[in-house]
Structure formats: structure tokens, C-alpha cells
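Heads up, the thing below is written out as C-alpha cells.
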Amino acid sequence: MLDTLNIEGLYPLYRQTPPSPIDGPYGEAFLEKLQKFSMADDGSVEFAAAKVHQYRVAMTAKDCSIMVALILSSQRRLRDLRPAFSSSVSILDLDPKPFDSIPRQLRLDQAIVSCYLRTGGALPKGSLSLLPNIMASAERDDCTLLFHHV
Numbered sequence: 034m035l036d037t038l039n040i041e042g043l044y045p046l047y048r049q050t051p052p053s054p055i056d057g058p059y060g061e062a063f064l065e066k067l068q069k070f071s072m073a074d075d076g077s078v079e080f081a082a083a084k085v086h087q088y089r090v091a092m093t094a095k096d097c098s099i100m101v102a103l104i105l106s107s108q109r110r111l112r113d114l115r116p117a118f119s120s121s122v123s124i125l126d127l128d129p130k131p132f133d134s135i136p137r138q139l140r141l142d143q144a145i146v147s148c149y150l151r152t153g154g155a156l157p158k159g160s161l162s163l164l165p166n167i168m169a170s171a172e173r174d175d176c177t178l179l180f181h182h183v
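First residue of the sequence shown: 34, per our numbering; consecutive thereafter.
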């Protein structure tokens, strides 16, 4: 929700932000400050810096890794005799994206759009073969986790 501009809209704000903007500490107060910042562009350096920070936080969240470990438990559910699992979830790579990575992200975005336009949006052959399995398991009511051989 913090990424209200695409990279093309953010880049001009990045260019008017000082090379060493006020940064961190990245705690709850920092996030609250970014969430409450006025969305009206008043042309100030403070507005530009806040938008750049909001973008960096959004990119950090979009690019983090989520590790899920499922361990078969010796206990079984009485209701349906299915195996029970213990689980552990960890979130990794929450370091804020570097301020100076924004030009690289702009170039990458431009390369992706250029490739899409060159290929007419065609996907590689067979890339949609998993879609029916994903859709079928999403429609189940019992929330069973299904693994499909790939």
C-alpha cells in the first residue's frame, strides 16, 4: 500500500532527493511516520524523500523470502485420520532496499516492458500448464495443502 507510484513516477522524486536521505532506524515509529505522510505533492524535498522511503519499504516487502517448513507429526487428527503437520514460518531478507538501487530498478522495469512489447506478451510454451492445478486446489473448501509433481 506504500507503493503508490510506479518506478517511472518515483524516479523524478528520487533525483530531487539528497544522495544521503534521512534513514532508519526501521522500527514501528519509522513505518508509522511513512504511513501518515501527506500524499499531496507540494514539490518539497521532504515529500520526495518520503515517497522514496515508502517505495523502498514496499520493495523490501515485495522482495522478501518466506520460508515454510512442514514436519509430519506423529499425531493424527481423529476426525479424518489424515496426517498432521507441525509448521514453522520465517521471513528473510528484510533489509531495506538501498537508496541507490532505484536507477537499476528503473532500467530493469524498462527492459521488462521492452521485452513484453517485442514478444507481444507471449509466454514461453508450457508456462501455463500449472494453472489448472493451482485453480483446482484454490476452489477446495477443506483447505488441504496439495503438492503436485512438477
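All C-beta atoms, glycine included, are put in the ideal place defined by N, C-alpha and C.
Unbroken alpha helix (DSSP H) run spanning residue i, endpoints
| i | result |
| --- | --- |
| A94 | V78 to K95 |
| G153 | Run containing G153: none; DSSP gives neither H nor E here. |
| F184 | Because the chain spans 34 through 183 in this model, residue 184 falls outside it and cannot be assessed. |
Cutoff 7 angstroms; reference residue i; Cβ partners in own chain excluding five residues on either side
| i | result |
| --- | --- |
| R46 | A small fix is needed here, since residue 46 is Leu in this sequence, not Arg. Counting only Cβ-Cβ distances below 7 angstroms, and skipping sequence neighbours, we find A81, K84 and V85. |
Three-way DSSP call (helix, strand, coil) for residue i in this model
| i | result |
| --- | --- |
| L127 | coil |
| L46 | helix |
| F118 | strand |
| A144 | helix |
| L35 | coil |
Inter-residue CB distance, residue i and residue j (contact presumed, cutoff 8 angstroms)
| i | j | result |
| --- | --- | --- |
| M100 | L141 | M100 to L141, Cβ: 25 angstroms. No contact. |
Any non-hydrogen atom of the ligand ATP within 7 angstroms of residue i CB
| i | result |
| --- | --- |
| A83 | Among the components modelled here there is no ligand, and therefore nothing to report on the ligand ATP. |
Beta-carbon gap between residue i and residue j smaller than 8 angstroms
| i | j | result |
| --- | --- | --- |
| L38 | L67 | no |
| T152 | P129 | no |
| A91 | S121 | no |
| C97 | L127 | yes |
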